[in-house]
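In my numbering, the protein residues as written are 633 to 847.
A quick write-up on the structure given underneath.
Below, the structure written as structure tokens:
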């Protein structure tokens, strides 16, 4: 394989990772629209080899999104932020989530600022975005996707230094953050029951794990 073919191959892998991460983040950051459901369903077929069980129509899924991420008193609610998940405790079989403020959120903000990443813009302008924190699962997924896109573009343009820099940043961020809690996020969402959002989190965790293997 010649150098150009290798660059294209590496770029395609990084780009595919970015698209998958963006697709999952879109489902986990706003009430679902059919286009997002179609996109994540295709990912399931391509990456997992089975059909995604969405568990309802658009209106029902919109209500479930609220129960999952906006209504703290809902039995389906899971605060999908790194501080909340990684600092959780279990008391008498009941999960007690950590505070929304903490060192993980502060560190990811520093990572975003270092490359000029606008995490709020990355997760849209819905109700979730207004309540979100910088270490939200969707925001971290979008940031890793941003870095993987940078890596892909550098590979396609055969800019080895830029490609290595973006790849190193992606690896450092993933190993310090997403790789440490993506599986837990998926498991916590699945605990009350499986639906579009828990299945998407499982897929996101799988993409995160596969990305670390390629870093």
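The C-beta atom is built at its ideal place from N, Cα and C for all residues, glycine as well.
Contact set for residue i: own chain, Cβ-Cβ below 8 Å, skip 5 residues either direction
i	result
residue 716	729, 730, 731, 732
residue 708	696, 699, 700, 824, 825
residue 683	673, 676, 677
DSSP state of residue i mapped onto helix, strand, coil
i	result
residue 768	strand
residue 728	strand
residue 672	helix
residue 721	strand
residue 838	helix
residue 830	helix
residue 789	coil
residue 706	coil
residue 713	strand
residue 824	coil
residue 690	helix
residue 739	helix
residue 749	coil
residue 815	helix
residue 843	helix
residue 809	coil
residue 755	coil
residue 682	coil
residue 647	helix
residue 661	coil
residue 654	helix
residue 733	coil
Same chain, Cβ closer than 7 Å to residue i, five either side skipped, listed in chain order
i	result
residue 784	643, 646, 647, 650
residue 752	761
residue 720	727, 728, 729, 730
residue 734	715, 719
Proximity of residue i and residue j at Cβ, strictly below 8 Å
i	j	result
residue 710	residue 821	yes
residue 837	residue 815	yes
residue 659	residue 832	yes
residue 813	residue 695	no
residue 657	residue 839	no
residue 808	residue 779	no
residue 712	residue 763	no
residue 678	residue 655	no
Beta-carbon proximity list for residue i, same chain, < 6 Å, skipping 5 on both sides
i	result
residue 697	663
residue 788	643
residue 668	658, 659
residue 795	783, 786, 787
residue 741	766
residue 680	none
Assumed close pair residue i, residue j - CB separation to whole angstroms, cut-off 8 Å
i	j	result
residue 828	residue 693	6 Å
residue 749	residue 714	That pair is no contact at about 16 Å.
residue 818	residue 830	7 Å
residue 627	residue 755	Nothing about residue 627 can be reported from this structure: the residues present for the chain run from 633 to 847 only.
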